[in-house]
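For reference, the structure discussed in these notes is given below.
Numbering (the numbering used here), first residue to last: 91 to 331.
Structure (structure tokens):
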């Protein structure tokens, strides 16, 4: 049994939580995640790039796909975590597993920032009719990870128009025209590749993807970029302004 699971269960008890879902995802649905977001790997010992861990007080299971069956079986050996081989016969879905092992009045928790709306609604449809509550405001794995890496703060740079093909002002103008057509007051972007394309910026916050951890809100009157300002060189800040 991994001591990380023991610590997580202790924290779950303190929070009144009966199950904890830990996906492999960041706040932006990126294909790969930075070290800060590798909670599933820290808790389970499985280091593959895809997988979901569910921890209850008396059991735990990890779902991953066929690329990682051999690796996961080896790394989970002796951990107290059951391997659920996705796509194989008689392997339950995450929702079915939770339906089987949780009971009315119990609570499932996860960090809502790392779960897509599609996944949330699937959990909601499976659990709420059975009287199982959900909490999305807890980062329980983070609470028990004493040396958790910091969020990435890689330098940001501008992609020149010669390489992007179009300036950011032209792109903003075009999207604002579409907003007007749709009678929309604004556009909120959390997809990092969309933000990188729109603003012609690049970074190193996600492996294999030259993107910048950020959010963007665009309206007819303003464009607000939410990011770590310390990683933007002054010349780029001025160019964006």
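Glycine is no exception: its CB is placed at the ideal position from the N, C-alpha and C atoms.
Classify residue i as helix, strand or coil using the three-state DSSP reduction.
i, result
"residue 136", "coil"
"residue 234", "coil"
"residue 304", "strand"
"residue 284", "helix"
"residue 206", "coil"
"residue 142", "strand"
"residue 265", "helix"
"residue 278", "strand"
"residue 316", "strand"
"residue 330", "helix"
"residue 129", "helix"
"residue 201", "strand"
"residue 223", "strand"
"residue 248", "strand"
"residue 164", "helix"
"residue 321", "helix"
"residue 258", "helix"
"residue 292", "strand"
"residue 102", "helix"
"residue 192", "coil"
"residue 121", "coil"
"residue 217", "helix"
"residue 228", "coil"
Cβ of residue i within 8 Å of Cβ of residue j?
i, j, result
"residue 290", "residue 248", "yes"
"residue 241", "residue 303", "yes"
"residue 251", "residue 197", "no"
"residue 78", "residue 314", "Residue 78 is absent from the model: the chain starts at 91 and stops at 331."
"residue 228", "residue 201", "yes"
"residue 133", "residue 146", "no"
"residue 136", "residue 95", "no"
"residue 283", "residue 124", "no"
"residue 98", "residue 234", "yes"
"residue 318", "residue 215", "no"
"residue 163", "residue 138", "no"
"residue 199", "residue 230", "yes"
"residue 119", "residue 281", "yes"
Here's the rule I'm using: 16 or more other beta-carbon atoms within 10 Å means buried, otherwise exposed. How should residue i be labelled?
i, result
"residue 110", "buried"
"residue 180", "exposed"
"residue 268", "exposed"
"residue 320", "exposed"
"residue 141", "buried"
"residue 194", "exposed"
"residue 154", "buried"
"residue 184", "buried"
Would you list the one or two residues that DSSP bridges to residue i?
i, result
"residue 154", "175"
"residue 112", "143"
"residue 107", "Residue 107 pairs with nothing; no bridge assigned."
"residue 298", "DSSP, once it has assigned bridges, lists no residue as partnering residue 298."
Between the segment 157-164 and the segment 110-119, do three or more beta carbon pairs fall short of 8 Å?
-> no
Taking contact to mean at least 3 C-beta pairs separated by less than 8 Å, is the segment 289-303 in contact with the segment 100-108?
-> Below 8 Å, too few C-beta pairs join the segment 289-303 and the segment 100-108 to call them touching: fewer than three.
Does the segment 116-130 come close enough to the segment 160-179 that 3 or more CB-CB pairs lie under 8 Å?
-> With a cut-off of 8 Å, the segment 116-130 and the segment 160-179 do not count as touching, because too few Cβ pairs lie within range.
Taking one C-beta from the segment 186-196 and one from the segment 214-231 each time, how about it: are there three or more such pairs within less than 8 Å?
-> Inter-segment contact for the segment 186-196 and the segment 214-231 is present: three or more beta-carbon pairs are separated by less than 8 Å.
Indicate whether the contact test is met: 3 or more Cβ pairs, each with one atom in the segment 301-315 and one in the segment 271-280, closer than 8 Å.
-> yes
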